[in-house]
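*Asks:* In our numbering, the protein residues as written are 3 to 165.
Just so you know, even glycine gets a beta-carbon here, dropped at the ideal spot from N, CA and C.
None of the values given here were measured: they were computed from a predicted structure.
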């Protein structure tokens with residue numbers, strides 16, 4: 003397994019920087035290096051902060067109480083950089099996305115990339131469609147099947163008649 007190398011953390015809201023992901027990446031790197039003792043992790047943490055960055059200034063200003071243990075430090079970190087709660091799509095939004103996800107007849111028979119692997123466009127379309135149906139909660143039902151099927155190119159519909 004390749005060693006995880008966390009990006010340097012600045013803590014100033016860079017678009018490419020997610021504090022929660024940085025913390026996960028840092029923890030993964032520490033496990034890979036067999037660093038599990040709180041003090042050792044805290045000593046290493048400062049090395050992953052940008053020089054003179056907001057994160058480094060914050061880290062150096064922490065009291066010894068805030069650094070008494072790794073779990074306590076993580077709690078203090080998450081107070082300063084709270085994990086962002088993502089906006090979850092509603093069932094209606096997934097349904098709309100499912101209905102908008104159309105396999106164009108011009109794409110049938112072409113190759114595309116899915117999960118860094120080359121595959122046929124209809125295979126990639128089906129994988130995305132199943133993901134959306136699962137997210138909508140209808141993957142195991144006949145709900146909306148006629149609506150999705152009606153948008154398929156005729157050549158694909160002919161392969162599997164509706165029963």
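Within the same chain, show all residues whose beta-carbon is closer than 7 angstroms to that of residue 43, passing over the 5 residues directly before and after it, in chain order.
*Replies:* Excluding positions up to five away in sequence, the list reads 32, 37 and 72.
*Asks:* Given residue 155, which residues of its chain have a CB within under 6 angstroms of its CB, disregarding the five upstream and five downstream residues?
*Replies:* 107 and 110.
*Asks:* Using the Cα positions of residue 34 and residue 153, report the straight-line distance between them to the nearest angstrom.
*Replies:* Roughly 48 angstroms between the two C-alpha positions.
*Asks:* Out of curiosity, what's the CA-to-CA distance linking residue 139 and residue 8?
*Replies:* Distance between the alpha carbons of residue 139 and residue 8: 36 angstroms.
*Asks:* So what's residue 122 in DSSP terms, helix, strand or just coil?
*Replies:* Looking at residue 122 - three-state DSSP - the assignment turns out to be strand.
*Asks:* Rank 79, 56 and 39 by C-alpha distance to the C-alpha of residue 22 and give the top, closest one.
*Replies:* Residue 79 is the option with its Cα nearest to residue 22.
*Asks:* Among 89, 93 and 131, which residue has its Cα nearest to the Cα of residue 102?
*Replies:* It is 131 whose Cα lies nearest to the Cα of residue 102.
*Asks:* Hey, could you find the ends of the beta strand (DSSP E) residue 98 is sitting in?
*Replies:* Run containing residue 98: none in the beta strand (DSSP E); it sits in the alpha helix (DSSP H), 93-102.
*Asks:* Buried or exposed: which applies to residue 97, given that a residue is buried once 16 or more other Cβ atoms fall within 10 Å of its Cβ?
*Replies:* Flag for residue 97 reads buried.
*Asks:* Just the Cα atoms here: how many angstroms apart are residue 122 and residue 157?
*Replies:* Their Cα atoms are separated by approximately 15 angstroms.
*Asks:* Which whole-angstrom value is the C-beta distance of residue 55 and residue 15, which I expect to be below 8 angstroms?
*Replies:* So it is not a contact: roughly 11 angstroms between Cβ atoms.
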